[in-house]
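Chains as they are written, first to last, in this note's numbering: chain F, 1 to 157; chain X, 158 to 314.
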DNA sequence: TCCTGTTACGTGTATATACACGTGTGTATA
DNA sequence: TATACACACGTGTATATACACGTAACAGGA
């Protein structure tokens, strides 16, 4: 007889599992979005910009949960392609990121390909499971911030 | 009155959420493993090698759910550090990957740091939630393979 | 034996990711 | 006002990721 209602210890590495699934899922989305000349990371950036007139780099990075310097690099190809403009911001320090018409057009073109990738994933995993996964991922991110932000073992003053 | 037991449509992008959380969680693990001079990806590779005497590159890549060429690149730093050896395999084509004593030593050193990173995550999210996340991630990966492998839109012959 | 297809790799290229570090710029304080 | 600090960025460096492409080696059949 097993002891009831005892939570089994967590086995293995959460980060490893996350990275594993993320690799495969990213490949799936990328293979679809490639038809529009985009990667899923780029599609995500454009999607965020579609909903916002203008943002500073730091604000953009915070919303994407992405390192600021990573965002700078990731915007490079989008700027080169003429989809995004990075101009002077309110401050002399700040810079404003904005979506250009061509960028919106590419996003519109890519959208049905993203939709198909997502539909195939929904079918493969089951809608219930995907919904549960979304909830768990969102919740985990929130709790992660609440508990671990500015508690990292950088230096004990 | 809301219609009962109707699964709400899935909102947003699964891949985006996965990548978001993976970024943050990876940073967390990396900050701990840095004390042992490792990244979580490298720790994962060493962990797999600890349980296996010898493997071909392709077999290793398959077990890691990692692209073969990605694995080749990721093994570079580990070889340079003298933690892993890549020698001739059974075949003249194949190559055997093996963990060296120094590699095992580093892994042993890193293990408590990984443990702490995992414990902090467990505390931040709650053990139940982490267990649920593991189950969902594992299950999703399996179902992903069953449904989407060799069904990718590469080319319609 | 020679040809053909498959298998197991490596490399070039491009993007994704983030830390350490340095540079201006704004702000508040002595 | 001079100074110190905080803020917003960019860059150098290193790793992570994978597709396209090419090469050498094996396995079968003509």
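Cβ atoms here follow ideal geometry from the backbone N, Cα and C, with glycine treated the same way.
Anticipated Cβ contact below 8 Å, residue i with residue j, distance rounded
i, j, result
"residue 89 of chain F", "residue 56 of chain F", "5 Å"
"residue 181 of chain X", "residue 144 of chain F", "6 Å"
"residue 190 of chain X", "residue 267 of chain X", "6 Å"
"residue 169 of chain X", "residue 134 of chain F", "7 Å"
"residue 185 of chain X", "residue 274 of chain X", "6 Å"
Option in the options with minimal Cα separation from residue i
i, options, result
"residue 202 of chain X", "X:279, X:180 and X:230", "X:230"
"residue 255 of chain X", "X:239, X:194 and X:301", "X:239"
"residue 225 of chain X", "X:241, X:271, X:288 and X:252", "X:252"
"residue 137 of chain F", "F:61, F:14 and F:108", "F:14"
"residue 52 of chain F", "F:130, F:100, F:110 and F:135", "F:100"
"residue 232 of chain X", "X:188, X:285, X:249 and X:205", "X:205"
"residue 244 of chain X", "X:211, X:286, X:296 and X:278", "X:211"
"residue 63 of chain F", "F:115, F:142 and F:19", "F:142"
"residue 280 of chain X", "F:118, F:123 and F:147", "F:147"
"residue 10 of chain F", "X:286, X:306 and X:237", "X:286"
"residue 19 of chain F", "X:169, X:277 and X:196", "X:196"
"residue 26 of chain F", "X:186, X:174 and X:207", "X:174"
"residue 194 of chain X", "X:222, X:264 and X:178", "X:264"
"residue 272 of chain X", "X:223, X:187 and X:234", "X:187"
"residue 139 of chain F", "X:282, X:296 and X:306", "X:282"
"residue 79 of chain F", "F:92, F:42 and F:119", "F:42"
"residue 21 of chain F", "X:276, X:223 and X:227", "X:223"
"residue 241 of chain X", "X:250, X:277 and X:228", "X:228"
"residue 250 of chain X", "X:215, X:277, X:278 and X:207", "X:215"
"residue 278 of chain X", "F:91, F:50, F:77 and F:149", "F:149"
Limits of the unbroken beta strand (DSSP E) element including residue i
i, result
"residue 84 of chain F", "84 to 88"
Bridge partner(s) assigned by DSSP for residue i
i, result
"residue 253 of chain X", "X:213 and X:244"
N-terminal and C-terminal residue of the alpha helix (DSSP H) that residue i is part of
i, result
"residue 17 of chain F", "14 to 33"
"residue 133 of chain F", "127 to 148"
Closer than 7 Å: residue i CB and nearest the ligand HEM heavy atom
i, result
"residue 225 of chain X", "Only the bare structure without any ligand can be found here, which leaves the ligand HEM out of the picture."
Checklist entry - Which parts of the region 47 to 79 of chain F are runs of the alpha helix (DSSP H), unbroken and 4 residues or longer, counting only runs that do not cross its ends? => result 57 to 64
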